[in-house]
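Worksheet: one structure, shown below.
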Amino acid sequence: MKKYITALLVTTVSVTSFAADYITNASEIVSAADWDTMQTIEIRMSEFEYSFDELEIKADQPYKFVLINDGEKKHYFTAPEFYKSIATRKVQSNKDGEIKAPYFTAIELMVGGELELYFVPVNKGTYDVFCTLKGHRDDGMESSIIVN
Ligand SMILES: [Cu+2]
1111 MKKYITALLV TTVSVTSFAA DYITNASEIV SAADWDTMQT IEIRMSEFEY SFDELEIKAD
1171 QPYKFVLIND GEKKHYFTAP EFYKSIATRK VQSNKDGEIK APYFTAIELM VGGELELYFV
1231 PVNKGTYDVF CTLKGHRDDG MESSIIVN
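For the sequence shown, the residue numbers in this note's numbering are 1111 to 1258.
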């Protein structure tokens, strides 16, 4: 006598949507941008300041920030909320290569270091930039980027 066993496989697909706290479609935004219109802004850091107090930039406009450490110490360009608000294309060192990542929180520059951040601002707002090395922020390494 044959026994027929019918197995009913129930597949439960659970879809959970996360509110990612960075720009998840950055690659689409970066691809769609007209990089021929890119604006370059040089940003210098030293003891203990950035070369701007308030930097105004425009949403949807492609930018290259050239980050230069002119100082005698290492410095950070830490800006978690800013990096969350932009579509990052890459961080490039002309000498050493490129880093492509959807989101990061800080860029550290060695003495004499130079890095280029290619990005498109997406979310408007005012974002803090600061150096996380001990005492540097208190000594003045704190500025704002305003995305209009
Ligand atoms: Cu510093």
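Note that the Cβ used here is the ideal one computed from N, Cα and C, for glycine as well.
- Per DSSP, the continuous beta strand (DSSP E) segment holding residue 1173 begins and ends at 1173 to 1179.
- Under DSSP, residue 1254 takes part in a beta bridge, and its partners are 1164, 1238.
- At least one heavy atom of ligand 1 is found less than 6 Å from the C-beta of residue 1243.
- Per DSSP, reduced to three states, the secondary structure at residue 1147 is helical.
- At a cut-off of 6 Å, the beta-carbon of residue 1220 does not count as near ligand 1: no heavy atom of the ligand is closer than that.
- In the DSSP secondary-structure assignment, residue 1207 is bridged to 1203.
- Within 10 angstroms of the beta-carbon of residue 1253 lie 16 or more other beta-carbons, which makes it buried.
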